[in-house]
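K.L.:
One structure, as structure tokens, below. Some questions next.
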Amino acid sequence: MNITEIKKQLINHEGLRLKPYRCTAGKLTIGVGRNIEDVGISEDEAMMMLGNDIDACVDDLRGMFPDFYLLPENIQYVLVDMRFQLGPKRFRGFRMMIRAVENKDWPEMRRQMKDSAWYAQTQGRANTLIRMVKNV
Numbered sequence: 347m348n349i350t351e352i353k354k355q356l357i358n359h360e361g362l363r364l365k366p367y368r369c370t371a372g373k374l375t376i377g378v379g380r381n382i383e384d385v386g387i388s389e390d391e392a393m394m395m396l397g398n399d400i401d402a403c404v405d406d407l408r409g410m411f412p413d414f415y416l417l418p419e420n421i422q423y424v425l426v427d428m429r430f431q432l433g434p435k436r437f438r439g440f441r442m443m444i445r446a447v448e449n450k451d452w453p454e455m456r457r458q459m460k461d462s463a464w465y466a467q468t469q470g471r472a473n474t475l476i477r478m479v480k481n482v
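Those letters in the sequence shown? Residues 347 to 482, by the working numbering.
Following this line, the structure appears as structure tokens:
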């Protein structure tokens, strides 16, 4: 069997949808007819998606911080974690924290992280990330 041909046939019959939708049977579906309600995704698929999401976060952060890879590794991890959780728009709302990163002012970065609605909403995660900044 030619995998390329069967893919074309299935895409032709099922369609290709990159956002979840309800199929004709009412099941939550994505991609090329993947019933995510009953079938879900595999761990390998979840890790592939996570890798893609991390790459997108890093690409975005490199646009914001041209010296991203020169920042201490803990700071890189904190920024990726926050950008992943918040998305690009909400992350950019941390203007004073971003300025602190640009100035490599880690105490100010911690203060700005703590002085936010994000901190109040996700204290466990936020405290872990703040401790990571403290260990720079």
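For glycine and all other residues, C-beta sits at the position ideal for the given N, C-alpha and C.
#1: Can you tell me whether ARG408 is buried or exposed, with buried defined as 16 or more other CB within 10 angstroms of its CB?
#2: Taking 8 Å as the threshold (beta carbon to beta carbon), is LEU425 in contact with chain D?
#3: Rounded to the nearest angstrom, what separates ILE444 and GLY433 at their Cα positions?
#4: Closer than 8 Å is the cut-off here; do at least three beta carbon pairs connect the stretch 415 to 433 with the stretch 395 to 407?
#5: Take the Cβ of GLY352 as the centre, count every other Cβ of all protein chains shown within 10 Å, and call the residue buried at 16 or more, exposed below.
#6: Once the 5 residues before and after TYR465 are set aside, which same chain residues still bring their CB inside 7 Å of it?
#7: With DSSP as the reference, label THR370 as helix, strand or coil.
#8: Leaving out the 5 sequence neighbours to the left and right, which residues in its chain are closer than 7 Å to LEU374 when beta-carbon positions are compared?
#9: Which same chain residues, not among the five before or five after SER388, have their C-beta less than 8 Å away from its C-beta?
#10: Tell me which residue opens and which closes the alpha helix (DSSP H) that GLU454 is part of.
#11: Report, in whole angstroms, the separation of the C-beta atoms of VAL378 and ILE357, which I expect to be a contact under 8 Å.
#12: So, are the CB atoms of MET478 and VAL424 less than 8 Å apart?
P.N.:
Reading from the atomic positions:
#1: Answer is exposed; the Cβ neighbour count stays below 16.
#2: Judged by its chain identifiers, the structure shown contains no chain D, having just a single protein chain.
#3: If you draw a straight line from the Cα of ILE444 to the Cα of GLY433, it comes to about 14 Å.
#4: Because the criterion of three Cβ pairs below 8 Å is met, the stretch 415 to 433 and the stretch 395 to 407 touch.
#5: According to the sequence provided, residue 352 is Ile. The question's Gly does not apply to it. So ILE352 ends up on the exposed side.
#6: Result list for TYR465: MET459 and ALA472, in chain order.
#7: Three-state DSSP puts THR370 in coil, outside helix and strand.
#8: Excluding sequence positions up to five before and after LEU374, its CB lies within less than 7 Å of the CB of PRO366, ARG368, ILE382 and GLU383, all in the same chain and listed in chain order.
#9: Contacts found: none.
#10: 452 to 460 is the extent of the alpha helix (DSSP H) around GLU454.
#11: By a beta-carbon distance limit of 8 Å, VAL378 contacts ILE357. Their separation comes to about 6 Å.
#12: Closer than 8 Å, so yes.
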